[in-house]
Amino acid sequence: MTKQEIVNRLLELPGQIASVEYTVLEANRQVVLAKEFLQQKEDDLLLGNVIDGKNAEIRAAQMRQHTEYERQNLDNAELHLKNNVTRLVRLRDEFKALQAVASLLQGGAA
11 MTKQEIVNRL
21 LELPGQIASV
31 EYTVLEANRQ
41 VVLAKEFLQQ
51 KEDDLLLGNV
61 IDGKNAEIRA
71 AQMRQHTEYE
81 RQNLDNAELH
91 LKNNVTRLVR
101 LRDEFKALQA
111 VASLLQGGAA
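The structure is reproduced here in structure tokens:
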């Protein structure tokens, strides 16, 4: 990477980091919403006497069976959040590394 490429990348990264930070916030909001939808579905099932198993294991199995769609949505939202957080960490790491390289190229201490 040339000095100019390092400079250009250092100038690009703050905007990319800000964009991914917004994406992480939105992904987190989606996780919260998915949890709320799942909780609402579970509440509806319990209050509607749909879950009527004789023991805790059967009731848990019934709950899982009736909330498969909502649980899948939550799993997808959590995975999306994790992927975006990983992306954000990588961009921040790249930014720090390039700052250190730029400092070394100037002859200063990192």
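Heads up, the numbering used here is the position in the sequence shown plus 10, with the first residue counted as 1. Even glycine gets a Cβ: it sits at the ideal position worked out from N, Cα and C. Note that the structure is a prediction, hence the values are computed from the model and not measured.
In the structure shown, what three-state DSSP assignment does residue 25 receive? helix
Beta-carbon proximity list for residue 86, same chain, < 7 Å, skipping 5 on both sides: none
Note down, in chain order, each residue of its chain lying with its Cβ closer than 8 Å to the Cβ of residue 20, except the 5 sequence neighbours on either side. 105, 108, 109, 112
Assuming residue 23 and residue 101 make a contact with CB atoms under 8 Å, what is their CB distance in whole Å? 6 Å
List the whole-angstrom C-beta distance separating residue 37 from residue 94, where the pair is believed to meet the contact cut-off of C-beta under 8 Å. 5 Å
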